[in-house]
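Numbering (our numbering), first residue to last: 1 to 211. The C-beta atom is built at its ideal place from N, Cα and C for all residues, glycine as well. These numbers were taken from a predicted model, which means no experiment stands behind them. Here is the structure we will look at, set down as structure tokens.
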Amino acid sequence: MGGHIQTTEKDALILIDIQNDFCPGGALAVPEGDRVVAAANQLMGRFSLVAFSQDWHPPGHKSFASAHAGKSPFETTQMPYGTQILWPDHCVQGTSGAAFHQALDENRASIVIRKGSNPDIDSYSTFYENDRKTATGLAGYLKQRGIERIFVAGLAWEYCVGFSALDGRAEGFEVFFVEDATGAFRNDDFAPMNGQLQAAGVRHIQSSDIS
Ligand code: VGL
Ligand code: ZN
């Protein structure tokens, strides 16, 4: 059954980091992260333009706790661009953990934005690295393709999907956050991100709202 949001050629679907390391069994797993795959595959059928993002870190990336002597995952450190959470090694370029979930239909993506490749800068958003200055080029790509509204989904809610939604707003797009196609690391601490999303005018929807 269709919902009340009709998609057009001015809409794009942005599927964020649906990669093995963010799924159960992966290095930085979202609980039940693989549950977004079926929803993502289904959503793609509603859009003429689909973009993927892929977390893509070189070995020894500065966002890894292992790159900082004496630090453990989920502690923080100060980087030139601010406070950085230190993660377990994840999504290392070319590894199976960095590959898309095998059930995700990759063929529909017309562009894959790889992010987090600068060894010294993390990148949650698929529009800007965490220094907030280095653009990935996605905004220009979408604008040159005439896109006005973006629909974001994937992994993880309170980091890469959330920051991509906020930057999408900052770039002037209307932004829809597809909740049932998005997974959170924790269900008890995403309220701050949700507050930011709401303040920015991001609209929260379900897949079934789209026809
Ligand atoms: C992500 C932490 C580190 C994400 C990526 O995709 O949400 N989170 N790298
Ligand atoms: Zn990462």
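Measuring from the CB of residue i, is there a heavy atom of the ligand ZN at a distance below 6 angstroms?
{"i": "residue 168", "result": "no"}
{"i": "residue 116", "result": "yes"}
I'd like the list of long-range same chain contacts for residue i, defined as Cβ closer than 8 angstroms, with 5 residues on each side in sequence excluded.
{"i": "residue 38", "result": "103"}
Compare the C-alpha of residue i against each of the options and name the closest.
{"i": "residue 119", "options": "56, 50 and 205", "result": "56"}
{"i": "residue 100", "options": "85, 67 and 53", "result": "53"}
{"i": "residue 86", "options": "93, 92 and 65", "result": "65"}
{"i": "residue 161", "options": "124, 191 and 78", "result": "124"}
{"i": "residue 207", "options": "32, 47, 127 and 174", "result": "47"}
{"i": "residue 63", "options": "141, 15, 128 and 89", "result": "89"}
{"i": "residue 58", "options": "194, 180, 121 and 141", "result": "121"}
{"i": "residue 16", "options": "7, 145, 106 and 171", "result": "106"}
{"i": "residue 32", "options": "45, 73 and 181", "result": "181"}
{"i": "residue 179", "options": "189, 194, 188 and 171", "result": "194"}
By the 10 Å Cβ neighbour count, where 16 or more other Cβ atoms means buried, how is residue i classified, buried or exposed?
{"i": "residue 36", "result": "buried"}
{"i": "residue 9", "result": "exposed"}
{"i": "residue 82", "result": "exposed"}
{"i": "residue 168", "result": "buried"}
{"i": "residue 191", "result": "exposed"}
{"i": "residue 40", "result": "buried"}
{"i": "residue 69", "result": "exposed"}
{"i": "residue 51", "result": "buried"}
{"i": "residue 158", "result": "buried"}
{"i": "residue 129", "result": "buried"}
{"i": "residue 12", "result": "buried"}
{"i": "residue 173", "result": "buried"}
{"i": "residue 116", "result": "buried"}
{"i": "residue 188", "result": "exposed"}
Taking 6 angstroms as the limit between beta carbons, can you name the residues of its chain near residue i, skipping five residues before and five after?
{"i": "residue 1", "result": "Residue placement at residue 1 is flagged as unreliable, the pLDDT there being 47, under the threshold of 50; a coordinate-derived value is accordingly withheld."}
{"i": "residue 176", "result": "151, 203 and 205"}
{"i": "residue 138", "result": "113, 126 and 127"}
{"i": "residue 3", "result": "208, 209, 210 and 211"}
{"i": "residue 131", "result": "81 and 121"}
{"i": "residue 14", "result": "51, 150 and 152"}
Confirm the yes/no value for this check: CB of residue i, any heavy atom of the ligand FMN, distance under 6 angstroms.
{"i": "residue 120", "result": "Judged by which ligands are present, the ligand FMN is missing from the structure shown, whose ligands are the ligand VGL and the ligand ZN."}
Is it the case that the CB of residue i approaches a heavy atom of the ligand VGL more closely than 6 angstroms?
{"i": "residue 159", "result": "yes"}
{"i": "residue 27", "result": "no"}
{"i": "residue 56", "result": "no"}
{"i": "residue 17", "result": "yes"}
{"i": "residue 156", "result": "yes"}
Within its chain, find whatever has a CB closer than 7 angstroms to the CB of residue i; leave out the 5 residues flanking it on each side and keep chain order.
{"i": "residue 156", "result": "22, 30, 183, 184 and 185"}
{"i": "residue 20", "result": "26, 96, 97, 99 and 101"}
{"i": "residue 201", "result": "169"}
{"i": "residue 77", "result": "68, 71, 84 and 86"}
Assuming the contact rule is C-beta atoms closer than 8 angstroms, residue i and residue j should be a hit. Round their C-beta distance to whole Å, please.
{"i": "residue 110", "j": "residue 28", "result": "In fact, because the Cβ distance is near 27 angstroms, the residues do not count as touching under 8 angstroms."}
{"i": "residue 5", "j": "residue 211", "result": "7 angstroms"}
{"i": "residue 153", "j": "residue 43", "result": "7 angstroms"}
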